[in-house]
Amino acid sequence: CFGGTGVLNLAITGGDVLGVVSFHGGLTQRAAASNATAIPAKVLILSGGSDDAASEVGELEAELDAAGATWEMSRYGHIEHGFTEWSGGAYDARADMSSWNSMKLFLKELFEMGVVGTTKPDLPLDEASHAPTVTPAEVVPSVAPTTVAPT
């Protein structure tokens, strides 16, 4: 909640970070991205579909685009605010695992591969067929699901 809102505001205000991940942050309680001239940090937003008003989400997307941000947003249908909090009434295991794996892939791409925001990674191509000589799994290894039980 507060952390998700905070990192989104950090990115929007030009914080000196490579990327941010916002878990169920308050999308309506953010700095106006329309005031930003550029947003250099990569942004991943993971939010419940029933968490924020659709008009606010559309406004945020337009502002991020206008500021030239590289962003990705996953919204989980019929999911409320706080879906990753095990002891909370809105906990949802599927959305929790999906969002966690999205974050792991985002961070792997950002820190290990440097491909977040690029159109396609440079791949070695076969001269005759022009097809990649590596498989997609070699470029972006799969992120194995993690099963975690509350303690």
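So the sequence shown is numbered by full-length UniProt numbering: it starts at 1 and just counts up by one. We treat Cβ as the ideally placed atom computed from N, Cα and C, and that holds for glycine.
Alpha helix (DSSP H) segment containing residue i, residue limits
i, result
"residue 19", "Careful: residue 19 lies outside any alpha helix (DSSP H), inside the beta strand (DSSP E) at 19-23."
Buried or exposed (CB count within 10 angstroms, at least 16 for buried), residue i
i, result
"residue 77", "exposed"
"residue 3", "exposed"
"residue 22", "buried"
"residue 47", "buried"
"residue 170", "Shown here, the chain extends from 1 to 151; a query on residue 170 therefore has no answer."
"residue 111", "exposed"
"residue 87", "exposed"
"residue 69", "buried"
Residues of its chain near residue i, where Cβ-Cβ distance is below 7 Å and the 5 sequence neighbours each way are ignored
i, result
"residue 41", "11, 15, 17, 18, 19, 20"
"residue 91", "83, 85"
Neighbourhood of residue i by C-beta, 6 Å cutoff - its chain only, sequence neighbours within 5 removed
i, result
"residue 8", "22, 25, 30"
"residue 71", "43, 64"
"residue 118", "In this predicted model, residue 118 has a pLDDT of only 48, less than 50, meaning its place in the structure is not dependable; the value taken from the coordinates is given anyway. Excluding sequence neighbours, residue 118 sits near nothing in its chain."
"residue 103", "21"
"residue 74", "46, 102"
(message) Please give me, in chain order, every unbroken run of the alpha helix (DSSP H) with length at least 4 that falls completely inside the UniProt domain "Dienelactone hydrolase" (1-110).
(response) 2-12, 54-66, 93-107
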